[in-house]
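For reference, the structure is listed below as structure tokens.
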Amino acid sequence: MILVDSISFNYPNGEPLFADFTWKVERGEAWAILGPSGCGKSTLLYLLAGLLFPTKGKIQIDGEELTRPRPKNGLILQDYGLLPWATVRQNAELGLRIRGFYGPDGTHSPRESIPQTDVTPWLERLGLLEIADSYPSHISGGQRQRTAIARTLVLNPDLLLMDEPFSSLDAPTREGLQNLTLELQEEQNLTLIVVTHNIEEAAILGKKILLLGRPVHRAPTIIQNPHQAGEDYRKSSLYHTLCDDLRVHLEDISGR
Ligand code: ADP
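Here the sequence shown is numbered in my numbering, starting from 654 and rising by one per residue.
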């Protein structure tokens with residue numbers, strides 16, 4: 654589904670982050686991108702989102718070269734990006750309202766051509782119905798992130814890109830949202846790519862884990878995690894062994 658095809662990238666006046674880097678993601682896969690702060694994880698996610706562009710090479714999604722953000726991409730960030738003056742319901746509706754102005758393909762189209770979609774089922778699915786009329790400042794961090802997830806999923810994405818989505822949440826809330834993310838990924842047949850610097854989070858969310866050490870990144874280091882999402886995986890010795898292995902791998906590639 655996604656082909657990162659021999660890309661190179663550096664910010665203007667910045668050091669090269671990627672050089673001739675190729676990576677493939679199949680439809681419906683769950684990936685974590687794991688690496689230390691500053692190694693280029695978010696940059697890779699923004700390249701996949703069509704918000705940044707390679708200086709060489711190209712990125713294709715479903716055979717089409719990425720030249721702008723795709724309407725079927727969902728992007729969820731760490732700080733939720735909620736409008737403080739809008740309620741949970743209005744925030745969840747935001748993407749639909751914007752799409753109403755620009756049309757499903759991202760270009761301008763008459764409002765009448767956009768089918769009305771009710772966000773209520775999503776508010777219900779994400780346990781937000783009771784607080785639908787509350788403002789972001791009156792709800793918890795976990796509820797804010799669930800609102801951001803609702804806003805993204807009402808747009809029916811096929812690719813969900815998440816940048817450190819749960820790092821500011823307490824451990825039980827984070828675990829709950831990680832489980833919810835995996836449930837939704839399977840239920841909606843989403844391709845999931847989550848950026849994290851947290852080894853445990855990568856092991857929970859990634860059936861495959863792309864390890865990034867110090868740039869420049871030339872070839873992907875990929876760790877398979879076939880038992881992820883199995884029942885009670887979090888408590889299993891397989892999970893703990895993988896976390897230990899990831900720690901060693903990260904030290905290895907960071908020191909390279
Ligand atoms: P990570 O997500 O792994 O923490 P980033 O992708 O955010 O890393 O950043 C990778 C490198 O690119 C860092 O050295 C960072 O300082 C640099 N960088 C990030 N954004 C910009 C930017 N807009 N302009 C210049 N350099 C940037």
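Glycine is no exception: its CB is placed at the ideal position from the N, C-alpha and C atoms. All values reported here derive from a predicted model rather than from experimental measurement.
Proximal residues to residue i (C-beta, below 8 Å), its chain only, five neighbours per side dropped
i: Leu822; result: Gly794, Gly795, Gln798, Leu830
i: Ala858; result: Strictly speaking, residue 858 in this sequence is Leu, with Ala absent from that position. Once the five neighbours on either side are set aside, the close Cβ partners of Leu858 are Ala683, Ala685, Gln831, Thr834, Leu835, Leu845, Val847, Thr849, Gln881.
Boundaries of the beta strand (DSSP E) in which residue i is found, first to last residue
i: Ser659; result: 655-662
i: Val847; result: 844-849
i: Gly710; result: 709-714
i: Leu735; result: Run containing Leu735: none; DSSP gives neither H nor E here.
Close beta carbons around residue i, own chain, < 7 Å, minus the five adjacent residues each side
i: Asn663; result: Pro669, Leu670, Thr708
i: Ala803; result: Ala745, Val772, Trp775, Leu776, Leu779, Leu781
i: Glu765; result: The pLDDT assigned to Glu765 is 48, lower than 50, so where the model puts this residue is not dependable, and the model offers no usable value.
Endpoints, alpha helix (DSSP H) assigned at residue i
i: Lys694; result: 694-701
i: Ile912; result: Because residue 912 is not part of the residues shown, which for the chain are 654 to 909, the question remains open.
i: Trp775; result: 773-778
i: Gln796; result: 794-806
i: Gln838; result: 824-840
i: Ile906; result: 890-907
i: Leu864; result: Unbroken run through Leu864 is the beta strand (DSSP E), 861-864; no alpha helix (DSSP H).
i: Ala683; result: Where Ala683 is concerned, there is no enclosing alpha helix (DSSP H), although the beta strand (DSSP E) it sits in stretches over 683-687.
i: Thr858; result: The sequence as given places Leu at residue 858; Thr does not occur at that position. Here the alpha helix (DSSP H) through Leu858 covers 852-858.
CA nearest to the CA of residue i, picked from the options
i: Pro810; options: Glu817, His880, Leu837; result: Leu837
i: Pro665; options: Ser695, Ile655, Phe706; result: Phe706
i: Gly667; options: Pro722, Leu899, Val869, Leu704; result: Val869
i: Arg827; options: Ala785, Trp684, Ala855, Arg742; result: Ala855
i: Tyr699; options: Arg721, Pro825, Leu858, Ile875; result: Arg721
i: Pro724; options: Glu904, Thr894, Ile751; result: Ile751
i: Lys677; options: Cys692, Val807, Asp658; result: Asp658
i: Glu853; options: Leu843, Tyr886, Arg871; result: Tyr886
i: Asp898; options: Ile876, Ala872, Gly681; result: Ile876
i: Thr696; options: Gly681, Met815, Ser889; result: Met815
i: Asn726; options: Glu783, Ile792, Leu812; result: Leu812
i: Glu884; options: Leu835, Leu730, Leu843; result: Leu835
i: Ile784; options: Leu747, Glu839, Leu749, Arg742; result: Arg742
i: Glu839; options: Lys694, Met654, Gly681, Leu656; result: Gly681
i: Ile906; options: Leu656, Glu679, Met654, Cys692; result: Cys692
i: Arg918; options: Leu903, Gln841, Leu895; result: Coverage of the chain is limited to positions 654 through 909, which leaves residue 918 absent and any answer about it impossible.
Residue i Cβ short of 7 Å to the ligand ATP heavy atom set
i: Ala785; result: As far as ligands go, the structure on display features the ligand ADP and does not contain the ligand ATP.
Cut-off 6 Å between Cβ atoms - residues of its own chain near residue i, not counting five sequence neighbours on either side
i: Lys860; result: Ala683, Asn878, Gln881
i: Leu719; result: Gly703, Ile712
i: Ile660; result: Phe671, Phe674, Pro707, Gly710
i: Leu891; result: His880
i: Ile767; result: The predicted model places Ile767 with a pLDDT of 49, which falls under 50 and marks its position as unreliable; any figure quoted below should be read in that light. Closer than 6 Å at the Cβ level, and outside the excluded window around Ile767, lie Gly753.
**Request:** Please confirm if the stretch 671-689 is in contact with the stretch 768-782, defined as three or more CB-CB distances below 8 Å between the two stretches.
**Result:** no
**Request:** Name all residues in chain order for which at least one heavy atom of the ligand ADP lies closer than 5 Å to the residue's CB.
**Result:** Tyr664, Gly667, Ser690, Gly691, Cys692, Gly693, Lys694, Ser695, Thr696
**Asked** Three or more beta-carbon pairs under 8 Å between the stretch 810-819 and the stretch 843-851, yes or no?
**Response** yes
**Message:** Check whether the stretch 869-881 and the stretch 714-732 touch, using three or more Cβ-Cβ pairs below 8 Å as the test.
**Reply:** no
**Message:** Tell me whether the stretch 732-743 and the stretch 783-794 touch, counting them as touching only if at least three CB pairs, one residue from each stretch, are closer than 8 Å.
**Reply:** yes
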